[in-house]
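Everything on this sheet refers to the single structure shown next.
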Amino acid sequence: MSAVVKPMRFAHSEGHTDVCYDQTGQHLLTCGSDGDIRIYNGFDDSDPVSIQAGENVTMVAVKDNRIFATPDNFAVQAFTFPEGSPDGILTRFPSTVNHMCVNQAGTLLAAGSSDFSIKVVTLEDNSQKSFKGHAAPVLAVALDPQDMYLASSSCDGTVKIWKMENQAVVKTMNILPKVNDTSAFKTCRIGWQPGNGKYIAVPVEKEIQIYERDSWNLSFTLNKEGHTEIVSMVSWSPCGSYLASTSLDGQIMIWSITTQTVLERVQHENKFPITGIAWNPSGTKEIAYTDNQGQFGIIENISTKSTVTKPSGSEGTVKASGENGYMDDAMMATAVADYESDNDSLVATKRRRVKQNLIDDEAEDDDDDEDDEFKEIRKLKAQLAAPLDFDDASNDVNADTASEVSVKKPAVVHVPVLPSLQQPFQPASTPSHLMHRFMVWNSVGIVRCHTEEDDLSTIEVEFHDASTHHPLHLTNHLNHTMAALSSSAVLLACKSQDDMKSKLVCLHFGSWDSSKEWVVDLPSKEEIEVIAVGQNWAAVATNKFHIRIFTLTGVQLSLISVPGPVVSMSGHNSQLIVAYHAGNPLPNEQSLGFKLFDLSTQQQIVADQRIPLSRKATLSWIGFSDEGTPVVVDSVGIVRFLNRSFGCTWTPVLDTKSQLKNKSDNYWVVGLEERARQIRCILCKGSSFPPTLPRPIQAVLPLQLPLCEMSTDKGEKEENWMKSKLMSYSYKHCAENGFEFDEEEAQQAETYQIQTLMKMFALACKSDREFRAFDICELLPNQRSVSLAIKYAAGIRKMNLAERLNELARRKAEEEEEALENEFDTQYEMQQHDWRSAPRSLPKKATKPRVREQREEDEDEMEDENDQDEYAEDEDDDSMTINDKRKSRHSSASDDGKPNPLLQKISKPSKSTSSPSLSSSQGRSNPFKVLSPSKRSRGGKSFLESVEQEQKAATEATKNKQPSVARKNNKKKATKTAKQMTLLSPTTKPDEPAEKDDKTDEKPDEKPANTKKSGFTFWLEENRPIIAEENKDASDGELIKLSMKRWKSLSNEEKKTWNDRASGHGQDSDDKKRKRENTENDENENVNEAVITKTAKKIKAAGENNVSSKLAGFAYSKS
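Taking numbering that gives the first Met the number 0, the leading residue of the sequence shown gets 0, the next gets one more, and so forth.
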């Protein structure tokens, strides 16, 4: 029965059309020049599903519920099947995609383009491999069913076989005619045999050549009674036994591989060229095809007309039936497979028998039996090969003499693996072979290059800040391929061409004369690889491993040699970073090093350290942040930031791939801003580089360190702290090296870092992780921030933690004191050195007394200030006894005679060791002031006694207001001295000597003349024994808190009773001193509230600056 050809029907508008089946064979998919993909439920479906994919779709394929198409946007795009929803772009090319195919397993997709390249995409993770080697546009690609090889045909007349593992060319066959236009992609569609991929079919002129796998030798040719016009494409049947071929005259032929003859011939009704052909995978022997007029049709009931009968009886003969007397291909394949299996088993048996002959005396009989079996197999092989007309010279062997099987050992050849070194590139630039490309895109501006069809090239320079310079439009006469841009100049470079040497051109914006451009020719045979420009310098890296540094006026400044080929480099202000190959890398890896120079001081900041890259990744961008910190980005999308700690190591700060929705997309990095903690980049849909037109939109990504437990509050706060710490290292580096930076921003960064640590501390306290909380406090930079943690711990009743933090605060205060003293000593030595270097006309003897006199004057001023502070402090604490004051003096000194470092004032050293203090304009406290005895006594009191004393002081403060300005100033100074006081007292030794204070000894028991008690004080005196008896295990501090709570719970009438008693007690003395405008009840109420408030907030330093105030507010924040 002959094949049935159904009439063709229109599917798309006139133009190239393609067709394919889904995996079940139920649906037909077509695409055409109208940009639609149509899904037919069978050939007779009159209402297909239509998908708009673009303006012109040339190829379509379907696999695992996904449709793959090649629209006119130079990309391979995916859609869902059968819904037809867009599913992302798999890959993108800079030119037209000519052919595409999916492997047999549905895991790989290969595509060839007119840009001479091939890409293989892994559909699971969208990873890509690039194959480059053709010298003309790629016509077709075919994937090996075993995924070991890739075959491709090209307009350069070659068919190449590639190794998938290392993208190397295994075989190149020059068998095709060369063509000059890309319209030839309608021809030379090659294909692998399904199953084991034993054969590959290549249409050559009017015949089809079949090549054998591995050896790549021509096995046979299908040309007997074949095509009369050029064969355009071939397509294998799902079983691999048949091959369909088409020609430019619209003829379709079905070939039998086993017989190498034509089984069916079908002629297009109008003899239009066939542009697409596909077998139905369901095994129904149906073929769909399309033409160049937008039509498609099917051929049904393709008959093979061949059968096979199994061997019967002991003769083991094979009988063929059918028109030509040949076996069916499926039966032939089964027979050959059975033979190969039996042959392999016999070879193994023969080896065992031969080995056994060495120790077995009956080896001769065994050989005879083996020979009999081997003879039967040889006979079967000869019978099977005879009707196929194969060259059976190797099979024409006398079966009687076939008694041995020889096995050749394969020769082992050790081939050295050559490393694939990354080629030099300009940061933030697109490939130079593109007609429209970005030469550079950075924080200053954009440089674009446009090449027309007549090879006329222009360069456009655009600035983000219009005040920097007006836009430039330059004619690219020298064919510049590299550009670098800064706020001072634009740098252009080209490689040597014919008789012209490699040139460097600089356009200087800040030149005040008429010559704003200069050109430099490099020496002969020296090519420019990479260029960079800074604030007042320009640098060039060459193929001679040289770095040539010029000033912006063209003066040659330095010549530096690097250890390997330069990969890339970038500049910022006075800094230059150079990346180069530092050694022989591992396969598919890169071994890169870098150098960091400061050209203003002619110093090398970082010397020959490695750049970390991800596995099988290359360097894709290198540059600086807006603040001047080096940053690198690899091809996997990992952004790394130079960490100034740990000896200038690299820290990953973002994975751009994790921010993408589609796996085929990429982010093209152009800059980084540390202040905002953001990276500026451009989203590239389905490609690695952005198009120039329309102008791409710049996106901003926040930094995100790859820490553990990022979904928790703990991980989030730790990430914020690490980011702020990285930024603080940059400010510290700028301060140490004299670079310019904003001190206010540095202070804000430090404040944010402290706030983040305090949040981490609060979270640890809420989680009952006191040891972790203490560990976090050790990261705080100073004693004042630890004091905030002490207050927070005391507020949530974690007294054990507060006590340990008190010791930490004392240690940090000692460290600060020591650092401050060292700073003063250094400044004094420098000042002394300046005095000694006075003019020589002055006698040396006159210089020393003047220095000594200056030091004594400074000490006298400090003593006067201390006396004023002590006067203010004595009036607050004059109710203490002499013995208490002496004890407090003993407790304020440590074992080595040092004063308590938690107090702001530092004891005055002797005149022989005194150092000049800084003036008040410098914003520093005087470390040589003498501590007052009353201030020392506070350090020796327990927490409860301190609270009671503060209550009394608060009560007296509401009554006694100093009218004089001097009294107010002294109070401010006395309050300022309390800013370093912590919650608990330091450990002291009672037998240490203490200095005597004359003012305290003269009037040891002096008290305020009229001390008025509040209603709360009367109530506490009577009810404290009762509260203490009810709470026997409570500490003094807890008793005070309970008393406060009970007082607040009293009704207004009860409080009024106690207030009346208090007002009656001190009414006479109060009337003598002053008259109040408010009533006595309101006055006492205010006093009570002042006492309670003062008791809770007394520990807060009154002289804290704005930063400490904000932090203190955060410490008490319940949010």
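Ideal placement from N, C-alpha and C gives every residue a C-beta, glycine not left out. No experiment lies behind these values; they were computed from the predicted model shown.
Item	Value
Going along the chain, which residues of its own chain have a beta-carbon closer than 7 Å to the beta-carbon of residue 162, five neighbours each way excluded?	148 and 169
Can you check the stretch 696-762 for any beta strand (DSSP E) of at least 3 residues that lies completely inside it and give the ranges in chain order?	697-701
Express the C-alpha separation of residue 294 and residue 9 in angstroms, rounding to a whole number.	4 Å
Let's see if you can read the secondary structure: which residues bound the alpha helix (DSSP H) around residue 1043?	1035-1048
Since residue 629 sits in a beta bridge, which residues does DSSP pair it with?	623
How about residue 74 and residue 90: are their beta carbons less than 8 Å apart?	yes
So, is residue 546 buried or exposed, given that buried needs 16 or more other C-beta atoms within 10 angstroms?	buried
Can you say whether residue 425 is buried or exposed, counting buried as having 16 or more other CB atoms within 10 angstroms of its CB?	buried
For residue 95, which residues from the same chain have a beta carbon less than 6 Å from its beta carbon, with the 5 sequence-adjacent residues on both sides left out?	113
Of all the options 695, 773 and 714, which has the alpha carbon lying nearest to the alpha carbon of residue 704?	714
Looking only at its chain, what residues have a beta carbon closer than 8 Å to the beta carbon of residue 1045, apart from the 5 residues adjacent to it on each side?	1022 and 1026
Per DSSP, what kind of secondary structure is residue 250 in: helix, strand or coil?	strand
Taking Cβ positions, are residue 504 and residue 518 nearer each other than 8 Å?	yes
What residues match up with residue 602 in a beta bridge as DSSP calls it?	597
Inspect the beta-carbon positions of residue 296 and residue 270 and report whether they are closer than 8 Å.	no
Secondary structure at residue 130, three-state DSSP: helix, strand or coil?	strand
How would you label residue 60, buried or exposed, when you count the other beta carbons within 10 angstroms and need 16 or more for buried?	buried
I'd like the span of the alpha helix (DSSP H) that includes residue 583, first residue to last.	No alpha helix (DSSP H) contains residue 583, which DSSP labels as neither H nor E.
Given a threshold of 16 other Cβ atoms within 10 Å of its Cβ, counted over all protein chains shown, does residue 1 qualify as buried or as exposed?	exposed
Can you tell me the Cβ-Cβ gap for residue 508 and residue 488, rounded? I've got them flagged as a contact below 8 Å.	6 Å
Please list the terminal residues of the continuous beta strand (DSSP E) segment that includes residue 296.	294-299
Given a threshold of 16 other Cβ atoms within 10 Å of its Cβ, counted over all protein chains shown, does residue 734 qualify as buried or as exposed?	exposed
How is the alpha helix (DSSP H) around residue 784 delimited, first residue to last?	782-794
With H, G and I counted as helix, E and B as strand and the rest as coil, what does DSSP make of residue 7?	coil
Using the rule of at least 16 other Cβ atoms within 10 Å of the residue's Cβ for burial, across every protein chain shown, is residue 885 buried or exposed?	Model confidence at residue 885 stands at a pLDDT of 41, short of 50, so the residue's coordinates are unreliable and nothing is read from them.
How close, in whole Å, do the beta carbons of residue 205 and residue 190 come, if the pair is a contact with beta carbons under 8 Å?	About 18 Å separates the two Cβ atoms, so there is no contact after all.
Are residue 608 and residue 593 closer than 8 Å when you measure CB to CB?	yes
Can you tell me the Cα-Cα spacing of residue 431 and residue 33, whole angstroms?	33 Å
If you reduce the DSSP assignment to three classes, tell me which class residue 1062 lands in.	helix
For residue 115, which residues of its own chain have a beta-carbon under 6 Å away from its beta-carbon, when the five flanking residues on both sides are left out?	133
Please go through the same chain and pick out, in chain order, the residues whose beta-carbon is closer than 6 Å to the beta-carbon of residue 232, but skip the five residues on each side of it.	188 and 245
For the beta strand (DSSP E) that residue 1027 lies in, which residues bound it at each end?	Careful: residue 1027 lies outside any beta strand (DSSP E), inside the alpha helix (DSSP H) at 1014-1029.
Excluding the 5 residues flanking residue 216 on each side, which residues of the same chain have their C-beta closer than 8 Å to its C-beta?	210
Can you list, in chain order, the residues of its chain whose CB lies under 7 Å from that of residue 582, leaving out five sequence neighbours each side?	590
Would you tell me roughly how many angstroms separate the C-alpha atoms of residue 562 and residue 467, rounded to the nearest one?	37 Å
What does the alpha-carbon distance come out to for the pair residue 491 and residue 452?	22 Å
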